[in-house]
Amino acid sequence: MTENVRANNDDASDVIEFLLRQHQQVRGLLGDVLTATGDERQRLFDEAREMLARHETAEEMIVRPLTRKAPAGDEIADKRMAEENEAKEVLADLEKMDVNTPAFTEKFTAFRASVLAHADAEETQEFPLLRQNTDPEALVKARDRVRTAEKLAPTHPHPSARTTAANYVAGPFVAMLDRARDAFSKSSSD
Ligand SMILES: [Fe+2]
Ligand SMILES: [Fe+2]
């Protein structure tokens, strides 16, 4: 799915549209985790973590600095960062759990609700503020930086490494974030 996701994002007109499409993909993936069972649930959970690592890092490193330049943007950026940091902590707990247990389902259900609320807050508060106050060209450049970063260093092993769920080891979310941050730093020095 991840490769298709990238292909579908190739014609996003700017960074806001790019992120909106990723939100739709995240919504779908988080729902799929809950309906899946067994190895498939683990695989989808890993895929959701990878997507969140890339998505939240793009927002943190590329979008938030633009938000902070807008009037009252600091307050909105701080709130979104706090939500993302909280989600990272919950995710670190979730990835230590067996995905096929009622405890995981319960905690993941709450996690999904908070991620969806966070995405809604971005869509209703942050993105409209950006749209109103940011030079359209800067939003196009931001899209290009996100794309370049994602091509520089995918946060997941090569697709051929995931022939079965059993040998697919995605590693912890914090490591995915490190790889994504590294790629975004490189793309910003171009
Ligand atoms: Fe976010
Ligand atoms: Fe987002």
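Numbering that gives the first Met the number 0 applies: residue 0 is where the sequence shown begins, and numbers increase by one.
Think of the CB as a built atom: it goes at the ideal place given N, C-alpha and C, for glycine as much as any other residue.
May I ask which residues mark the beginning and end of the alpha helix (DSSP H) holding residue i?
i    : result
N99  : Where N99 is concerned, there is no enclosing alpha helix (DSSP H), given that its DSSP letter is neither H nor E.
D31  : 14 to 34
G72  : 72 to 93
P135 : 135 to 151
T123 : Premise fails: T123 is in no alpha helix (DSSP H) and is neither H nor E.
Residues in its own chain within less than 8 Å of residue i by CB, not counting five upstream and five downstream?
i    : result
G30  : R111
V173 : K87, A91
When every heavy atom of ligand 1 is checked, does at least one fall within less than 6 Å of the C-beta of residue i?
i   : result
E88 : no
What number of angstroms, rounded off, separates the C-alpha of residue i from the C-alpha of residue j?
i    : j    : result
K95  : V32  : 16 Å
T100 : L93  : 11 Å
P64  : R146 : 18 Å
E59  : G37  : 33 Å
R124 : E16  : The amino acid at residue 124 is misidentified as Arg; the sequence shows Gln. Cα to Cα, Q124 sits roughly 15 Å from E16.
D73  : E46  : 31 Å
A137 : D97  : 43 Å
D134 : P171 : 37 Å
A190 : E39  : Here the chain comprises residues numbered 0 to 189, so residue 190 is not present and cannot be evaluated.
Please find out if some non-hydrogen atom of ligand 2 comes closer than 6 Å to the beta-carbon of residue i.
i    : result
A116 : no
E121 : yes
E58  : yes
Can you name, in chain order, every residue of its own chain whose Cβ lies under 6 Å from the Cβ of residue i, other than the five neighbours on each side?
i    : result
A179 : A52, R53, T56, T154
L43  : D31, V32, A35
Below 7 Å CB to CB, which residues in the same chain sit around residue i once its five sequence neighbours on both sides are set aside?
i    : result
D177 : none
F107 : V32, L33, L93
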